[in-house]
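Yeah, the sequence shown ends on 513 if you go by the working numbering, and it's all consecutive. In this text, a Cβ means the ideal position worked out from N, Cα and C, and glycines have one as well. Inspection log for the structure reproduced underneath, given as structure tokens.
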Amino acid sequence: MSERTTTAARNTATESASSHSQEPHLARALGNRHIQLLAIGGAIGTGLFMGSGKTISLAGPSVIFVYMIIGFMLFFVMRAMGELLLSNLNYKSFSDFAGDLLGPWAGFFTGWSYWFFWVVTGVADIVAIAGYVDKLAPGTPLWIPALITPVVLILLNLPTVKAFGEAEFWFAIIKVVAILALIGTGIVMIATNFTSPNGAVAGLANIWNDGGMFPHGMFGFILGFQIAIFAFAGIELVGTAAAETKDPEKNLPRAINSIPIRVLLFYVGALVVIMAVNPWRTIDAASSPFIGMFTLAGLGIAAVVINLVVLTSAASSANSGIYSTSRMVYGLAQDGNAPKAFGKLSIRKVPQNALLFSCIFLLAGLVLLYSGDSVIGAFTVVTSVASVLTMFVWSMILVSYIVFRRRRPQLHAASAFKMPGGAFMPYVVLAFFVFMLVALAQAEDTRLALVVAPLWFLILGAAWHFNRKTPLQQARIEEWKAESASDQAAAQKAAAGKSGAGALG
Numbered sequence: 009m010s011e012r013t014t015t016a017a018r019n020t021a022t023e024s025a026s027s028h029s030q031e032p033h034l035a036r037a038l039g040n041r042h043i044q045l046l047a048i049g050g051a052i053g054t055g056l057f058m059g060s061g062k063t064i065s066l067a068g069p070s071v072i073f074v075y076m077i078i079g080f081m082l083f084f085v086m087r088a089m090g091e092l093l094l095s096n097l098n099y100k101s102f103s104d105f106a107g108d109l110l111g112p113w114a115g116f117f118t119g120w121s122y123w124f125f126w127v128v129t130g131v132a133d134i135v136a137i138a139g140y141v142d143k144l145a146p147g148t149p150l151w152i153p154a155l156i157t158p159v160v161l162i163l164l165n166l167p168t169v170k171a172f173g174e175a176e177f178w179f180a181i182i183k184v185v186a187i188l189a190l191i192g193t194g195i196v197m198i199a200t201n202f203t204s205p206n207g208a209v210a211g212l213a214n215i216w217n218d219g220g221m222f223p224h225g226m227f228g229f230i231l232g233f234q235i236a237i238f239a240f241a242g243i244e245l246v247g248t249a250a251a252e253t254k255d256p257e258k259n260l261p262r263a264i265n266s267i268p269i270r271v272l273l274f275y276v277g278a279l280v281v282i283m284a285v286n287p288w289r290t291i292d293a294a295s296s297p298f299i300g301m302f303t304l305a306g307l308g309i310a311a312v313v314i315n316l317v318v319l320t321s322a323a324s325s326a327n328s329g330i331y332s333t334s335r336m337v338y339g340l341a342q343d344g345n346a347p348k349a350f351g352k353l354s355i356r357k358v359p360q361n362a363l364l365f366s367c368i369f370l371l372a373g374l375v376l377l378y379s380g381d382s383v384i385g386a387f388t389v390v391t392s393v394a395s396v397l398t399m400f401v402w403s404m405i406l407v408s409y410i411v412f413r414r415r416r417p418q419l420h421a422a423s424a425f426k427m428p429g430g431a432f433m434p435y436v437v438l439a440f441f442v443f444m445l446v447a448l449a450q451a452e453d454t455r456l457a458l459v460v461a462p463l464w465f466l467i468l469g470a471a472w473h474f475n476r477k478t479p480l481q482q483a484r485i486e487e488w489k490a491e492s493a494s495d496q497a498a499a500q501k502a503a504a505g506k507s508g509a510g511a512l513g
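The structure is reproduced here in structure tokens:
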């Protein structure tokens with residue numbers, strides 16, 4: 009079968025072939041180490057450092073199972089995304105394959121929802137940064153870090169994509185070292201039977217001694233998913249870097265397959281150590297348990313360093329978000345789903361107009377900081393909205409995969425990176441996301457997300473209603489219909505040939 013190009017790419021080429029031939033294109037400048045650490049940086053988010061205290065208070069020790077279940081489910085999302093991206097190297101991101109497989113509307117909804125998700129996440133990160141700056145330098149006006157952060161992010165992203173990759177590489181290294189240091193410190197405290205000021209002796213029994221693994225019952229266990237899901241937001245980040253990745257057939261599978269190990273080590277390992285050293289009921293829901301444990305160990309300077317690490321983690325997340333949104337808006341503009349100005353690249357092959365557009369929205373963090381009662385309260389509200397949006401994007405990846413298997417069985421059969429359990433796991437994970445929505449509806453501070461998200465989709469629906477009437481979109485829709493019919497005919501022919509061969513056998 010000849011190599012297929014996306015509907016968006018073909019239409020863009022037809023519409024303005026002469027102008028695009030003169031323009032720079034996204035460069036494949038991210039190597040294996042960049043992609044590996046980008047995946048780690050995406051898997052270790054601000055939610056782990058800042059939100060895990062509240063998650064522990066809601067679910068107790070069962071939070072360990074919460075993170076394991078979410079990590080297990082998202083592994084299949086990543087495998088589905090990997091198979092789809094590698095089935096066609098012309099795909100720049102999951103917005104491209106959603107538009108190609110489900111129709112132009114899906115690319116529009118997926119791309120803009122992912123953009124909004126990262127803007128919301130970036131606001132949450134700025135809220136976190138302001139909170140930690142206040143701890144490191146009490147009395148610092150909150151508006152200072154909330155204003156400086158977007159400026160720094162612009163300076164990190166305006167150079168080449170390789171410069172972004174290097175910055176994110178070192179950001180991720182800092183997070184990994186911090187977690188390994190916490191785990192190592194905790195193991196020493198457990199081995200030496202460390203006794204905290206309240207008389208608690210460090211030991212693994214602290215995890216289950218106070219009410220068992222489910223001290224708040226199944227309801228508390230369900231509530232634990234509310235904040236925990238946000239900790240994984242950004243795990244799909246490698247999908248937006250596909251068009252700028254060297255040797256994607258080798259580097260993307262490596263990054264995706266290492267996800268289970270990361271979840272077990274960084275999430276489960278860190279939380280087990282924290283609750284073994286510090287009985288879970290004594291963990292402050294409003295602060296980072298990472299900082300609390302180093303303070304408990306008497307490592308005052310380490311606690312300060314961890315404050316800096318958490319601040320760096322938030323900056324890393326926001327940095328990744330700005331990178332992702334700029335590439336997503338760039339792709340949307342290429343497809344006629346965003347203003348043409350956002351589809352321009354600088355001489356350094358960076359979509360600087362799209363980058364500046366996204367950074368402007370991060371200033372919303374200023375409003376949120378001064379309108380909420382507390383930093384953690386503002387963080388919870390914003391992260392809940394982000395969780396709903398990211399689950400929508402993950403769902404679109406899975407639905408695209410289901411359609412891919414049905415419409416293009418030949419490409420699926422030829423894939424060297426097939427999703428395990430591809431015939432049924434997408435449905436299992438989609439059912440899990442429905443469960444997550446139910447979990448978010450259980451508490452007032454997270455229930456708001458279920459109101460905001462539908463409003464966002466109504467706005468998108470109205471925008472698409474007008475955008476689809478443009479000549480470019482009408483042409484893309486007609487081409488998609490023709491392509492869909494062609495795929496269906498080819499799939500039926502292949503199925504008939506297979507059944508005929510089976511009958512002869």
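Thinking C-alpha only, which one of the options is nearest residue i?
i, options, result
"Gly90", "Ile195, Lys62 and Leu245", "Leu245"
"Cys367", "Val131, Gly207, Pro205 and Val313", "Val131"
"Met336", "Ser408, Ser321 and Gly115", "Gly115"
"Trp288", "Ser266, Glu257 and Pro223", "Pro223"
"Gly219", "Thr148, Phe443 and Ser65", "Ser65"
"Trp120", "Trp488, Ala490 and Leu466", "Leu466"
"Trp216", "His473, Phe369 and Ser70", "Ser70"
"Ala236", "Ala439, Leu164, Val159 and Tyr275", "Tyr275"
"Val160", "Val407, Ala322, Pro479 and Pro417", "Ala322"
"Leu97", "Ala431, Pro256, Pro146 and Met76", "Pro256"
"Trp123", "Leu94, Phe369 and Ala471", "Phe369"
"Leu260", "Phe229, Leu94, Ala457 and Thr129", "Leu94"
"Lys348", "Ile355, Phe365 and Arg356", "Phe365"
"Gly329", "Ser408, Ala362, Thr290 and Gln342", "Ala362"
"Pro479", "Ile410, Trp488 and Gly344", "Gly344"
"Thr290", "Ala213, Lys254 and Ser204", "Ser204"
"Ala210", "Glu176, Phe179, Ile156 and Ala284", "Ala284"
"Phe177", "Asn327, Leu458 and Thr333", "Asn327"
"Arg476", "Val459, Tyr99, Gly107 and Ser423", "Gly107"
"Arg413", "Met433, Val396 and Trp402", "Met433"
"Ala504", "Leu163, Leu316 and Pro417", "Pro417"
"Ile436", "Phe80, Leu56 and Arg262", "Reading off the sequence shown, one finds Val at residue 436, where the question assumed Ile. Comparing Cα-Cα distances from Val436 to each of Phe80, Leu56 and Arg262, the minimum goes to Phe80."
"Ile264", "Gly225, Trp113, Leu92 and Val184", "Leu92"
"Met301", "Thr320, Ala278 and Leu316", "Ala278"
"Gly207", "Gln482, Ser101, Asn286 and Ile405", "Asn286"
"Leu316", "Trp472, Val280 and Lys143", "Lys143"
"Val74", "Leu468, Leu272 and Thr303", "Leu272"
"Ser324", "Val184, Ala471, Phe117 and Glu486", "Val184"
"Ile191", "Ala451, Ala305, Ala180 and Ser295", "Ala305"
"Ile187", "Leu468, Met76 and Val280", "Val280"
"Met444", "Arg270, Phe400 and Ala199", "Phe400"
Could you pull the DSSP bridge partners for residue i from this structure?
i, result
"Val209", "Thr203"
Would you check if the distance between the CB atom of residue i and the CB atom of residue j is smaller than 7 Å?
i, j, result
"Ala67", "Gly232", "yes"
"Ile299", "Ile282", "no"
"Thr398", "Gln234", "no"
"Gly111", "Trp488", "yes"
"Ala461", "Val396", "yes"
"Val318", "Phe57", "yes"
"Trp126", "Thr333", "yes"
"Leu458", "Ala449", "yes"
"Tyr331", "Asn165", "yes"
"Trp464", "Trp113", "no"
Excluding the 5 residues preceding and the 5 following residue i in the sequence, name in chain order all residues of the same chain whose CB lies nearer than 8 Å to its CB.
i, result
"Arg415", "Leu109, Ser492, Asp495, Gln496 and Ala499"
"Glu31", "Model confidence at Glu31 stands at a pLDDT of 49, short of 50, so the residue's coordinates are unreliable and nothing is read from them."
"Asn214", "Ala208, Met283, Ala284, Val285, Asn286, Pro287 and Trp288"
"Phe350", "Val337, Tyr338, Leu340, Ala341, Pro359, Asn361, Ala362 and Phe365"
"Ala490", "none"
Less than 6 Å between C-beta atoms, sequence neighbours within five positions excluded: which residues of the same chain meet that for residue i?
i, result
"Ala346", "Val337 and Leu340"
"Ala293", "Gly61, Lys62 and Ser65"
"Phe240", "Ile78 and Leu82"
"Ile230", "Ala447"
"Thr20", "Low local confidence applies: a pLDDT of 40 at Thr20 is under 50, so the model's placement there is unreliable, with the coordinate-based value given in what follows. Cβ within range, chain order: Gln342."
"Tyr140", "Asn315, Val318 and Leu319"
Can you find the residues in the same chain that come closer than 7 Å, C-beta to C-beta, to residue i, ignoring five residues on each side of it along the sequence?
i, result
"Ala390", "Per the sequence shown, residue 390 should be read as Val rather than Ala. Closer than 7 Å at Cβ, skipping near neighbours: Val128, Val131, Ala132, Val135 and Leu376."
"Ser29", "Here the model assigns Ser29 a pLDDT of 38, short of 50, so the residue's position is not dependable, and the following value carries that caveat. Same-chain partners within the cutoff: there are none."
"Leu406", "Val85, Ala88, Pro434, Val437 and Leu438"
"Ile182", "Val317 and Thr320"
Query raised in the report: Between the segment 76-90 and the segment 426-445, are three or more C-beta pairs nearer than 8 Å?
Result: yes
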